[in-house]
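Accompanying notes for the structure given below.
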Amino acid sequence: MTPQQRYLAEAIELAYGNIESGGRPFGAVIVKDGKVVATGVNDILRTNDPTSHAELNAIRAASQKLGSPDLAGCTVYASGHPCPMCLAAMRMAGIGEVFYAYSNEDGAPYGLSTAAVYADLAKPFAEQTIKVRYEPVRLESHGDLYADWKQRQGA
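Per the UniProt record's numbering, residue 1 is the first one in the sequence shown, and the count goes up by one each step.
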């Protein structure tokens, strides 16, 4: 068994454990320099938090353990195909590699595919099912929000 297969098997075991606890069948493992840094399971049903995906929970735990939001050099091993939210979070965290064991096609018969979300996000904003609109509001009582933040970073 390759290291990738071993970490994927660990993610699947986490998913099975989560099923036994009444959760959804998703687990994730984050590895850096050949060592497991963090794990996570899907806690949506337990927390009523729709963002409580296995990958996001593992990212949060890894960031805390490493003391940084920068997870460059880390690899994610997920039991299922990461959804767009999780994949975006991985990119923003600097994660450079992701492996997953079950595809969207594997999950589709069970209502566990995010392929439709990926397809919707690939459309221009005006054609997506969620309405996204730019409204350039500025406060007269403050300067530019981003410029103020950048200035404070240098202080």
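For glycine and all other residues, C-beta sits at the position ideal for the given N, C-alpha and C. Computed from a predicted structure; not experimentally measured.
If you ignore the 5 residues before and after residue 73, its C-beta comes within less than 6 Å of the C-beta of 32, all in its own chain and listed in chain order.
Taken in chain order, the unbroken stretches of alpha helix (DSSP H) that lie wholly in the UniProt domain "CMP/dCMP-type deaminase" (1–115) and span 4 residues or more are 3–20, 44–47, 54–66, 84–93, 104–107. Pairing residue 15 with residue 3 gives a Cβ-Cβ distance that is not under 8 Å. The beta-carbon distance between residue 28 and residue 58, rounded to whole angstroms, is 4 Å. This is short enough to meet the 8 Å contact definition. If you check the CB distance, residue 70 and residue 40 do not come in under 8 Å.
Counting along the chain, the unbroken alpha helix (DSSP H) around residue 147 starts and ends at 145–154.
Shown here, residue 117 sits in a helix according to DSSP, grouped into three states. Comparing alpha-carbon positions, the option among 144, 6, 116, 147 lying closest to residue 35 turns out to be 6. The closest CA to that of residue 22, considering only 43, 37, 123, 62, is found on 43. Rounded to whole angstroms, the separation of the alpha carbons of residue 119 and residue 62 is 30 Å.
Non-local C-beta neighbours of residue 81 in its own chain, meaning closer than 6 Å and more than five positions away in sequence, comprise 100, 103, 104, ordered along the chain. Ranked by how close their Cα comes to the Cα of residue 54, the residues 116, 66, 90, 149 have 90 in first place.
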